[in-house]
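So the structure is just underneath, and the comments pick up after that.
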Amino acid sequence: MSEGGESVVESKEQGREETRLVAWGQELLRVHARLREALEISRTAGAEGARDLLLHCHGFCAALDTHHRGEDRTLFPAIAQARPDLRETLRKLEQDHSMIAHLLGGLQAAVDRRAGPQELARHLEGVGAVMESHFRFEERALRQVLTGLDLQADPADVLGPL
């Protein structure tokens, strides 16, 4: 038995649980970093007039959309249940998701019609600006909450399979 009366086994299980809980906040940061990288790859491909720009943009758009859908479907309802005081924050984040989806639709349409590099750069810049603002707000508002969130789900299903 440990000093507080709990067994070593209980202490180890609690340590694993705390590690799993902290991982949600870290997972959010990791996924956001990967999405930022994907945006930069798309920007570089667009600036270089790469023939595989369609592939890069499609992959980036799909990854970002999947990330936001997972948050809306699983993560945000779990946070709202655990922390009803954050419902207004979650509503704002969902509005951001809608705005970003609209911008991604414009980018995808530009890629599909083979728009020039300057137009593609403008679309990517717009998506990037809103995405970065959204990510920073989300990280500030939710990271601590995620540290203590008891959510039994696969991170790839919740935050995207990056």
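Residue numbers (this note's numbering): 3 to 164. Using N, Cα and C, we set each Cβ at its ideal position, and we do this for glycine too.
### Query
Closest to residue 59 by CA distance: which of 39, 29, 77 is it?
Cα-wise, what sits closest to residue 59 is 39.
### Query
residue 85 by DSSP, collapsed to three states: which one?
Coil at residue 85, not helix or strand.
#### Entry: Under the three-state DSSP convention, the category residue 90 falls into
DSSP places residue 90 in helix when its eight states are reduced to three.
### Task
Determine the extent of the alpha helix (DSSP H) in which residue 119 is found, giving its start and end residues.
119-149 is the extent of the alpha helix (DSSP H) around residue 119.
### Task
Using only alpha-carbon positions, find the residue among 155, 151, 156, 41 that is nearest to residue 27.
Comparing Cα positions, the closest option is 151.
### Neighbourhood of residue 121 by C-beta, 6 Å cutoff - its chain only, sequence neighbours within 5 removed
Around residue 121: 112.
### Query
If you draw a straight line from the alpha carbon of residue 1 to that of residue 115, how long is it in whole angstroms?
Here the chain has residues from 3 to 164 only, and residue 1 is not among them.
### Task
Give me the Cα-Cα distance between residue 129 and residue 106, rounded to the nearest whole angstrom.
Whole-angstrom Cα-Cα distance: 7 Å.
### Task
Flag this pair as yes or no: are the beta carbons of residue 126 and residue 44 separated by less than 9 Å?
Taking a C-beta distance under 9 Å as the contact criterion, residue 126 and residue 44 qualify as a contact pair.
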